[in-house]
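Count along the sequence shown from 1, add 23, and you get the number used in this note's numbering. Notes follow the structure.
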Amino acid sequence: MVAIDKWGQLVYSNTPNSIGGLFIEAVHPWDRLTTQEKLEKLLNSTEQNAFAGKPISFVNRYLTGDGSYKLLSWKATFLTKN
């Protein structure tokens, strides 16, 4: 998968960069709380609430292999099994 390969090239080499890894460790410390709060909303989504099926936007700074940070904007959506 191209996205996983690019992710592995982007984030700091000591950070788990596979799916299911703790990507939050690569997020800039100042961005972590907001990111965790949004992820909790997403993970607590149900078919009955406002977040179900709706994307949540994130903007994070990620630590790279050279010690600098890259700004990434991305979206995540909770999908039901239906």
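The beta-carbon is built from N, C-alpha and C at its ideal position, and this holds for glycine as well.
Thr100 and Asp89 have their C-alpha atoms some 31 angstroms from each other.
By the neighbour-count criterion, in which 16 or more other beta carbons inside 10 Å mark a residue as buried, Asn67 falls on the exposed side.
Within the same chain, Cβ atoms closer than 8 angstroms to the Cβ of Tyr92 are found at His51, Arg84, Tyr85, Leu86, the five residues on either side in sequence being excluded. In the three-state reduction of the DSSP assignment, Lys64 falls in the helix class, which pools H, G and I.
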